[in-house]
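Working notes for the structure below.
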Amino acid sequence: MGRQFFVGGNFKMNGSIKAIKDIINNLNNAKIDPNVEVVISPPAIYLLLAREHLRKEIEVAAQNVFDRPDGAFTGEISVAQLQDSGITWAILGHSERRTILQEDNSFVASKTKAALDGGLGVILCCGESLDQRESGTTVEVVTNQLKAVAEQVKDWSKIVVAYEPIWAIGTGKVATTEQAQEVHAAIREWLKKEVSPEASANTRILYGGSVNDKNCKELAKQPDIDGFLVGGASLKPAFVDIINSKV
Numbered sequence: 001m002g003r004q005f006f007v008g009g010n011f012k013m014n015g016s017i018k019a020i021k022d023i024i025n026n027l028n029n030a031k032i033d034p035n036v037e038v039v040i041s042p043p044a045i046y047l048l049l050a051r052e053h054l055r056k057e058i059e060v061a062a063q064n065v066f067d068r069p070d071g072a073f074t075g076e077i078s079v080a081q082l083q084d085s086g087i088t089w090a091i092l093g094h095s096e097r098r099t100i101l102q103e104d105n106s107f108v109a110s111k112t113k114a115a116l117d118g119g120l121g122v123i124l125c126c127g128e129s130l131d132q133r134e135s136g137t138t139v140e141v142v143t144n145q146l147k148a149v150a151e152q153v154k155d156w157s158k159i160v161v162a163y164e165p166i167w168a169i170g171t172g173k174v175a176t177t178e179q180a181q182e183v184h185a186a187i188r189e190w191l192k193k194e195v196s197p198e199a200s201a202n203t204r205i206l207y208g209g210s211v212n213d214k215n216c217k218e219l220a221k222q223p224d225i226d227g228f229l230v231g232g233a234s235l236k237p238a239f240v241d242i243i244n245s246k247v
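Under my numbering, the sequence shown has 105 at position 105, and the numbering climbs by one with no breaks.
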């Protein structure tokens, strides 16, 4: 069995009750490739709305989770609260949180461990800036982000890695097919050496960064690209075309 194709939709801080319901209605009525694992991630305030109205085979992810149990942590959401609400995934390490909120590699790793220990799946984001890309340190930057997680987590069976070059997120720029495949292959090789051959063979590595219905089919053909983490395009009906990009 090969790795199951995976498509996540990160709504970021977008949406309203009506907009989220419209997106869900479109997904509920769409013909979706049954071989693809699909997860959507609305803002926290709409997680329960999404879970209550979405067809069961599509899962829901939080855009963040805290690394401590319930307690005096104003504004945070615990792993147990997500589990209690039927939320099965969390997106962690997204570059917007790394850069805007200054979340460092060790904090991302700590949250990843907490989520996994509590039974959630983790979409673990990694990626480099334009300066890092141009200086030739892409692989070093990305694997350092993953290394911090590997120092705390041994079982990667519920981790999906999402490679998202920061310079391509929301900019309309997309890494070329060759650039994306090259980094995905490097991540897989790193997993083989630093985690285990099994983790390398089984871990799904997604591409994210201005993925849309026009470029997804070519990217999906690459041997080490196992799906997508989609931003703005996940808010549009064309998200279904991205989900079905392997058909």
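Note that the Cβ used here is the ideal one computed from N, Cα and C, for glycine as well.
With contact defined as three or more Cβ pairs closer than 8 Å, the stretch 38-52 and the stretch 83-91 are in contact. For Trp190, the uninterrupted alpha helix (DSSP H) run begins and ends at Thr177 to Glu194, by DSSP.
Look at Ile169 here: in three-state DSSP terms it is coil, with no helix or strand label. Taking a cut-off of 8 Å on C-beta distances, the stretch 150-168 touches the stretch 94-113, as three or more cross pairs fall below it.
Between Arg133 and Trp167, the gap from beta carbon to beta carbon is short of 8 Å.
In the structure shown, the three-state DSSP call for Ser41 is strand.
In the DSSP assignment, Ala90 forms a beta bridge with Ala62 and Val122. In the DSSP assignment, Ala162 falls within the beta strand (DSSP E) that extends over Ile159 to Tyr163. Asn10 sits in a strand when the DSSP states are folded into three classes. For Ile159, the CB contacts under 6 Å within the same chain, skipping 5 residues up- and downstream, are Val122 and Leu124 in chain order.
Counting the other Cβ atoms within 10 Å of the Cβ of Thr203 gives 16 or more, which makes it buried.
Looking at the DSSP output, Tyr207 shares a beta bridge with Tyr163 and Phe228. Thr138 sits in a helix when the DSSP states are folded into three classes.
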